[in-house]
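Taken in order, the sequence shown gives residues -25 to -1, 1 to 281; the numbers are from mature numbering (1 follows the signal peptide of the UniProt record, and there is no 0). Here a beta-carbon is modelled for each residue, glycine too, at the ideal position from N, C-alpha and C.
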Amino acid sequence: MNKYLQSCAITIASIASISGTAAIAAGESGEYVNEIAPNVYSYSPGNGYHSMFVVTEEGVAVFETVNSQHSTSMLEAINGITDQPVVYGFQTHNHWDHASGGAVLQSAGAETVMHRQAAEWLEANPGRDTSPPDIVWSGDRHDIELGGVTIEHHYLGLNHGLGMTVFVVPELEVAYIGDLVTPNRVMFNIVPDFNIGEWERSLGEILELNFETAVCSHSELPAGEVENGCTKEHVAEERAYIQDLRGAIFAEFEKGTPASEIPTSIELPQYAHWAHYDDWLAMNAQRVLLDLWMGPYPWVPAETAE
Ligand SMILES: [Zn+2]
């Protein structure tokens, strides 16, 4: 057991002896639950996916069901903190690795919520662990009131996947952000299903939303920090990385580097400490290069994107 886990074990023991409200509880598995704002908790079972839940006097709102295993252990963590039932399970977008596991919350009496585009995609492409949502909304904005707070649903247009929703609870100044911001890591792998330019635009719009602290579905912040979620600083860093990578590609164009050699020629030493810099930077560069070469993709006409 390393020092961090030791201190966590001590933390767990002391919290358990003091009260039922866990501040941080993390163990060998990487599972933790942490109160990031009053009655707002970040949660991960240690699988690389981070959820959020908000406890109110009218029930609990969960953000990102991920999969059945994830939702089952999250439900246990919630039940360790409050007697309130889970009433909503909010899902950010269509991808199976985020929108699965809703049936666990539905069985517990909750309604799952997603944007129309995500719901239509999942109806056409059901995953092994997905379930039809109970509430489907459309357009670029929807609100649900719960226990004195507002859960704002922001659809910012095409950026990643379909129906991508950023959730904001303005009264508590918290947000939940799926896939669009990953602190301390380069872009994911081959940057699948991201429209790079629209992603960059969306990050600018996220910076304008009313929150101080967020939970990002993925994070490579170290243990001890990751439990605290992410901030607008990470949103700005994500956008800066996109811009710096594109700038580096243009610089290679100017130098006359053959296109086929550009991905492996790129260096961005200011991000060398980020996770997957060594193995994904060239893949990121290849993807952005293709976007510049072919034109942006994926893309859909505006009227189908509502
Ligand atoms: Zn995704």
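Quick one: is the Cβ of residue i within less than 7 Å of any heavy atom of ligand 1?
i	result
H129	no
H193	no
H135	yes
D154	yes
H117	no
H73	yes
H251	no
H68	yes
Is residue i helix, strand or coil by DSSP?
i	result
D118	strand
Y216	helix
A(-10)	A caution first: A(-10) carries a pLDDT of 34, below 50, which makes its placement in the model too unreliable to give a value.
S26	strand
R160	strand
G21	coil
E95	helix
F38	strand
V275	coil
V210	helix
T31	strand
A(-4)	Residue confidence for A(-4) is low, a pLDDT of 43 falling below 50, so the modelled location carries little weight and cannot support an answer.
E227	helix
R103	coil
H248	coil
A234	helix
G84	coil
G199	coil
G222	helix
Could you pull the DSSP bridge partners for residue i from this structure?
i	result
M89	V111
E10	Y16
A189	A150 and C205
H135	F169
At what residues does the beta strand (DSSP E) containing residue i begin and finish?
i	result
V263	Segment Y252 to M269 is the alpha helix (DSSP H) holding V263; no beta strand (DSSP E) there.
E173	Counting along the chain, E173 falls outside any beta strand (DSSP E), though it belongs to the alpha helix (DSSP H) covering I171 to L182.
T125	V124 to Y130
R140	Checking the sequence, you will find Thr at residue 140 rather than Arg. T140 to V144 is the span of the beta strand (DSSP E), which, as asked, contains T140.
Determine the extent of the alpha helix (DSSP H) in which residue i is found, giving its start and end residues.
i	result
S240	I237 to S240
Jot down the residue ranges of each uninterrupted alpha helix (DSSP H) in the region 40 to 82, minimum 4 residues, whole runs only, in chain order.
-> 43 to 54, 71 to 74 and 77 to 82
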